[in-house]
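S.K.: Residue numbers (the UniProt record's numbering): 1 to 220.
#1: Let me check understanding here. Comparing Cα to Cα, which of 151, 147 and 198 lies closest to residue 171?
#2: Mind reading off the beta-carbon distance from residue 153 to residue 185? Whole number of angstroms is fine, and I expect it under 8 Å.
#3: Taking the DSSP output, what are the residues bridged to residue 189?
#4: DSSP on residue 63, reduced to helix/strand/coil?
#5: How is residue 145 classed by DSSP in three states: helix, strand or coil?
#6: Is the separation between the beta-carbon of residue 191 and that of residue 177 shorter than 7 Å?
#7: Please identify the residue among 11, 100, 25 and 41 whose C-alpha is closest to the C-alpha of residue 148.
#8: Per the DSSP calculation, residue 112 is bridged to which residue(s)?
#9: Using C-beta distances below 7 Å, list every residue in its chain close to residue 51, excluding the 5 sequence neighbours before and after it, in chain order.
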């Protein structure tokens, strides 16, 4: 771990356990015999590498807009002997969607601990966080959803059928995300909200499903 790469919090360990549990059972996650995962915003690689270590058959694509993060993830993968099942790229999901789709579509799971702080809350960060961590890995915009909305609009294009999205978010976000998805994404279903160890709503799980339009019989 080194500045300015974001340092994962204990909540992120819970995110990993949640994804591992689903992928190990294969329940409603997708019927792929070869499971693949995309992590958006890999930081140090903690999530991707933990998933690879927990699932010996898993292939992971990890992306981050920070070259420091990409380099650190690659170094950590080599250190752990996991580099053969990991591809890591410097990409910004806000601007390089087509490139991302060409690299790894489709995937069984899309996992992210994205920047989710409300911009207003950036002013009250602890000094050790404000000074040493990358603000781009923390600031999610006015409502904290800038990157999250991009991830959710990408999900139907990049997930396999019944593939899932797993997000770590700010406790105010689950209801906001559910409402946004219902209004904007026909092919995503909000599955559930999970709480972290402190009892706060912290994780959003969504699943790709065919839209009602796709299910309409062809009457021609």
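Even glycine gets a Cβ: it sits at the ideal position worked out from N, Cα and C.
M.R.: Here's the rundown:
#1: Working through the chain shown from its first residue, we reach residue 171 at position 171. Among 151, 147 and 198, the Cα nearest to that of residue 171 belongs to 198.
#2: Looking up residue 153 in the chain shown gives position 153. Looking up residue 185 in the chain shown gives position 185. Going by Cβ atoms, the distance from residue 153 to residue 185 rounds to 7 Å, so yes, they are a contact pair.
#3: Position 189 of the chain shown, counting from 1, holds the residue named residue 189. In DSSP, residue 189 forms a bridge with 207.
#4: Looking up residue 63 in the chain shown gives position 63. It is a strand residue.
#5: As a working note, residue 145 is residue 145 in the chain shown. Coil.
#6: As a position in the chain shown, residue 191 is number 191, starting the count at 1. As a position in the chain shown, residue 177 is number 177, starting the count at 1. For residue 191 and residue 177, no; Cβs fall outside 7 Å.
#7: The residue you call residue 148 lines up with position 148 of the chain shown. Cα-wise, what sits closest to residue 148 is 41.
#8: Sequence index remark: in the chain shown, residue 112 carries index 112 (1-based). DSSP, once it has assigned bridges, lists 40 and 167 as partnering residue 112.
#9: The residue given as residue 51 occupies position 51 in the chain shown. Closer than 7 Å at the Cβ level, and outside the excluded window around residue 51, lie 16, 19, 20, 37, 58 and 60.
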